[in-house]
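Enquirer: Counting in my numbering, the final residue of the sequence shown is number 199, and the numbers go up one at a time with none missing.
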Amino acid sequence: MDPDVRNKAWEELRSRVEGCQRCGLCRTRTKTVFGQGSVDTPLVFVGEGPGADEDASGVAFVGRAGQLLTKILSAGGIDRESVFICNVVKCRPPNNRTPTQEEMLMCGDFLEAQLLLLRPRIVVCLGNTPLKWLLKTTEGITALRGRWFDWRGIQLFPMFHPSYLLRNDSRVKGSPKDLTWQDVQQLKARLDELQKGE
Ligand code: URA
Ligand code: URA
2 MDPDVRNKAW EELRSRVEGC QRCGLCRTRT KTVFGQGSVD TPLVFVGEGP GADEDASGVA
62 FVGRAGQLLT KILSAGGIDR ESVFICNVVK CRPPNNRTPT QEEMLMCGDF LEAQLLLLRP
122 RIVVCLGNTP LKWLLKTTEG ITALRGRWFD WRGIQLFPMF HPSYLLRNDS RVKGSPKDLT
182 WQDVQQLKAR LDELQKGE
């Protein structure tokens, strides 16, 4: 895609998100959270929705879960600044509840437009919400994490959500943290392989 056309579409999308009133979450949000990071990236991470820190700052994954995400990435040799990070819904669900089906239906095409404009090689789904939204699967993250899927020609890789890891702190073999360590290594290896071929 012509870079000027893409940039224009991207900025239009950003302003549509900022002004969005499609669902009730607009009444309780402080800021919309469009997502941030590199737009020339082979790798995009998708979470569920903003929490309190993200709602206040307008930036995705900056609270405790976000700090853990940064650590997981850097342990795997991935610089957070070099990827794009966003969520399925762009406004905070009250009390951090899971977004409803209706909220995801209203908001989900923003994410789809983001992915189609960014066209990364890999999209990582963090936890059940983005996985179920993008893959339209009823199988959960525990069954599907660490495996490769396709979303419209983009490789899709599910990993546990960092909030889940905060609640499950064990590092013993086979624990969610241990599996996530394996997943981030697998992710980095695939990324390196794809970039070698370019
Ligand atoms: N959890 C998410 O899913 N997204 C954020 O941006 C922060 C916490
Ligand atoms: N449930 C989720 O939504 N995410 C996880 O990572 C684990 C359980």
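A virtual CB, placed ideally from N, CA and C, is assigned to each residue, including glycine.
Keep in mind the model is a prediction, meaning the values are calculated, not measured.
Rounded to the nearest angstrom, what separates Gly154 and Leu117 at their Cα positions?
Expert: Start at 1 with the first residue of the sequence shown, and residue 154 comes out as number 153. Start at 1 with the first residue of the sequence shown, and residue 117 comes out as number 116. Distance between the alpha carbons of Gly154 and Leu117 is about 10 Å.
Enquirer: Pull up the distance between the alpha-carbon of His162 and that of Arg7, whole angstroms please.
Expert: In the sequence shown, residue 162 corresponds to position 161, counting from 1. In the sequence shown, residue 7 corresponds to position 6, counting from 1. If I take the Cα positions, the gap works out to 30 Å.
Enquirer: Going by DSSP in three states, Met160 sits in which element: helix, strand or coil?
Expert: On the sequence shown, position 159 is the one that residue 160 refers to. Looking at Met160 - three-state DSSP - the assignment turns out to be strand.
Enquirer: Put Phe111 into one of helix, strand or coil per three-state DSSP.
Expert: If you number the sequence shown from 1, residue 111 lands on position 110. Helix at Phe111.
Enquirer: Take Lys189 and list the residues in its own chain whose beta-carbon comes closer than 8 Å to its own, dropping the five residues that flank it on each side.
Expert: Here residue 189 is taken as the residue at index 188 of the sequence shown, counted from 1. Counting only Cβ-Cβ distances below 8 Å, and skipping sequence neighbours, we find Gly77, Gly78 and Ile79.
Enquirer: Tell me the start and end of each unbroken alpha helix (DSSP H) in the stretch 32-115 that is at least 4 residues and wholly inside, in chain order.
Expert: The DSSP assignment places 53-58 and 65-76 as complete runs of the alpha helix (DSSP H) inside the stretch 32-115, in order along the chain (cut-off: 4 residues).
Enquirer: Note down, in chain order, each residue of its chain lying with its Cβ closer than 8 Å to the Cβ of Arg191, except the 5 sequence neighbours on either side.
Expert: Walking along the sequence shown from the start, residue 191 turns up at place 190. Only Ile123, Trp149, Gln156 and Phe158 meet the Cβ criterion.
Enquirer: Unbroken alpha helix (DSSP H) runs of length 4 or more, entirely within the stretch 146-192: which are they?
Expert: Counting only runs of 4 or more, we get 163-168.
Enquirer: Give a yes or no on whether the C-beta atoms belonging to Met105 and Trp134 are separated by under 8 Å.
Expert: Position 104 of the sequence shown, counted from the start, is the residue given in the question as residue 105. Position 133 of the sequence shown, counted from the start, is the residue given in the question as residue 134. Yes, these two residues count as a Cβ contact at 8 Å.
Enquirer: On the DSSP bridge list, what partners appear for Cys126?
Expert: If you number the sequence shown from 1, residue 126 lands on position 125. Paired residue(s): Val47 and Pro159.
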